[in-house]
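This report refers to the structure that appears directly beneath it.
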Amino acid sequence: MLFVNSNFTIAIKGMKERESQAILDLLFQQAHIPEYQFRVRWQPHTLVFWDNRSVQHYAVHDYYPQRRRMERVTLKGDRPTGRYSVDRGETERKESRNAVGGADKKHRGGQPLRPFERLVPHA
């Protein structure tokens, strides 16, 4: 599993810059393909769930003048599986975080990259 985000991912470690950028550009473009998107036509009592580990989400502000109410649920004990899952040792987890740009790097905006857990969802 590969986690990429155009705001935070700057390179694929171990690849030449041009090759890394070409692959990342291709991956970033996937989010813009309508067939890969899920759009909600909100109505009263509509409820949507998603798994932050598996999707990129973006709130389109098309519900004015209505207000949006969100609740976050975090599952305890549910772990991702795969080559770089949290079941592995700290060394492998660190390597997986660094594989696509590095935890100590900066994203394109010049700000330091932050661990996923510290990201604040847009309201």
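All you need for our numbering is the position in the sequence shown, starting with 1, plus 1030.
From the three backbone atoms N, C-alpha and C, an ideal C-beta is built for every residue, glycine too.
Exposed unless 16 or more other CB atoms sit within 10 angstroms - verdict on residue i
i: P1145; result: In this prediction, P1145 has a pLDDT of 42, which is less than 50 and means its spatial position is unreliable; what the coordinates show is noted afterwards. Counting Cβ neighbours within 10 Å, P1145 comes out exposed, since fewer than 16 surround it.
i: L1032; result: exposed
i: Q1063; result: Reading the sequence as shown, one finds Ile at residue 1063 and not Gln. Counting Cβ neighbours within 10 Å, I1063 comes out exposed, since fewer than 16 surround it.
i: T1076; result: exposed
Identity of the residue in the options nearest residue i by Cα
i: L1105; options: N1082, L1056, H1087, H1091; result: N1082
i: F1068; options: H1091, W1080, D1092; result: W1080
Cβ neighbours of residue i in the same chain (closer than 6 Å, five flanking residues each side left out)
i: L1057; result: V1034
i: G1044; result: none
i: Q1086; result: A1061
i: D1092; result: none
Euclidean distance between Cα positions of residue i and residue j
i: R1048; j: S1036; result: 16 Å
i: W1072; j: V1103; result: 20 Å
i: M1100; j: S1084; result: 19 Å
i: E1065; j: K1046; result: 31 Å
i: P1074; j: Q1059; result: 32 Å
i: T1121; j: Q1096; result: In this prediction, T1121 has a pLDDT of 46, which is less than 50 and means its spatial position is unreliable; nothing more can be read from the coordinates.
i: A1052; j: Y1094; result: 38 Å
Own chain residues within Cβ distance below 7 Å of residue i, not counting five before or after
i: V1078; result: V1070
Contact test: residue i Cβ vs the ligand SAH heavy atom, cutoff 7 Å
i: M1045; result: Absent from the structure shown: the ligand SAH. Ligands present: none.
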